[in-house]
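Protein chains in written order, with our numbering: chain A, 1 to 114; chain B, 1001 to 1111.
Note that the Cβ used here is the ideal one computed from N, Cα and C, for glycine as well.
Just so it is clear, the structure is predicted and the values come from calculations on it, not from any experiment.
Down below is the structure, laid out as structure tokens.
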């Protein structure tokens, strides 16, 4: 069974640029959630996709957008990067994306915005 | 939004039980309580979750207060591998699905 994978591992961008992060969910999982984790902080929920539809969103502006594909892999897109967007971005997959099921996290993508 | 509050850090001796508290006084009736832990340079790892009743699994136990405004994660015998940041999390469906992580408790296990 393949776990959750994320790419790239590290990324450096400059302010104003756009970035796309990718996530492959664990086999059999149809739900993906994305999180932003600043240094020394807990993960902050960005949004969740269930069967290609967004069904949950945290307090993040619209320049954070996502996509889930028919194979349940996912992308996180961030436009107009700001310095405060520098963080570890975590992806988690689960079955049916509800309160009953545990999430499986990937190792994260470290984004640095200069 | 509901929120969770945890102590910043705790210490335990190896082989002894550890009780990690969490306050979630603004929890809604349908919110589930999840616990995750995160080792350095890794993504969080699921530990346990529950709604109202106490729960046990191979990793830990979760004790939930009768009014659900607080919970305690119990590691029965701490090992050095349990040293991590433990996050008390709410899965809420008030309005939209959302996971709310706390700031976490850094657990140090002393040999």
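For residue 1074 of chain B, which of B:1027, B:1035, B:1009 has the nearest alpha-carbon? Taking each of B:1027, B:1035, B:1009 in turn and checking the Cα distance to residue 1074 of chain B, the smallest one comes out for B:1035.
Can you confirm whether residue 41 of chain A, when its beta carbon is compared against all beta carbons of chain B, has any partner nearer than 9 angstroms? True, the Cβ-Cβ gap to chain B drops below 9 angstroms.
Three-state secondary structure (DSSP) of residue 1062 of chain B: DSSP, reduced to helix, strand and coil, places residue 1062 of chain B within a strand of the structure shown.
Measure the C-alpha to C-alpha separation of residue 83 of chain A and residue 61 of chain A and round it to an integer number of angstroms. Computed Cα separation, rounded: 15 angstroms.
For residue 89 of chain A and residue 100 of chain A, what's the separation of their Cα atoms in angstroms? In a straight line, the C-alpha of residue 89 of chain A is about 24 angstroms away from that of residue 100 of chain A.
Does the beta-carbon of residue 69 of chain A have 16 or more other beta-carbons within 10 angstroms, so that it is buried, or is it exposed? Burial is judged here by how many other beta carbons sit within 10 angstroms of a residue's own beta carbon; residue 69 of chain A has fewer than 16 and is exposed.
Residue 1053 of chain B at chain A interface by Cβ criterion, 9 angstroms: Closer than 9 angstroms to the CB of residue 1053 of chain B there is not a single CB belonging to chain A.
Within 10 angstroms of its Cβ, does residue 92 of chain A collect 16 or more other Cβ (buried), or is it exposed? With 16 or more other CB atoms across the displayed protein chains lying within 10 angstroms of its CB, residue 92 of chain A is buried.
Report the CB separation of residue 1012 of chain B from residue 1078 of chain B in whole angstroms; it is logged as a contact under 8 angstroms. Indeed they touch by this definition, with Cβ atoms about 5 angstroms apart.
Using the DSSP secondary-structure output, state which residues sit across from residue 1005 of chain B in a beta bridge. B:1023, per the DSSP bridge assignment.
Chain-ordered residues of the region 1091–1104 of chain B with a beta carbon less than 9 angstroms from chain A: Residues passing the 9 angstroms Cβ filter: 1091, 1092, 1093, 1096, 1097, 1098, 1099, 1100, 1101, 1102, 1103, 1104.
Of all Cβ atoms in chain B, is any one closer than 9 angstroms to the Cβ of residue 125 of chain A? The first residue shown for chain A is 1 and the last is 114, placing residue 125 of chain A beyond what the model contains.
I'd like to know if residue 1016 of chain B contacts chain A, where contact means its C-beta is closer than 9 angstroms to some C-beta of that chain. Under the Cβ criterion of 9 angstroms, residue 1016 of chain B is not counted among the residues facing chain A.
Residue 77 of chain A, enclosing beta strand (DSSP E) - first and last residue: Looking at the DSSP string, the run of the beta strand (DSSP E) that includes residue 77 of chain A is 74–78.
Using a beta-carbon distance cut-off of less than 7 angstroms, what residues from the region 15–39 of chain A approach chain B? Contact residues of the region 15–39 of chain A toward chain B are 33 (C-beta to C-beta distance below 7 angstroms).
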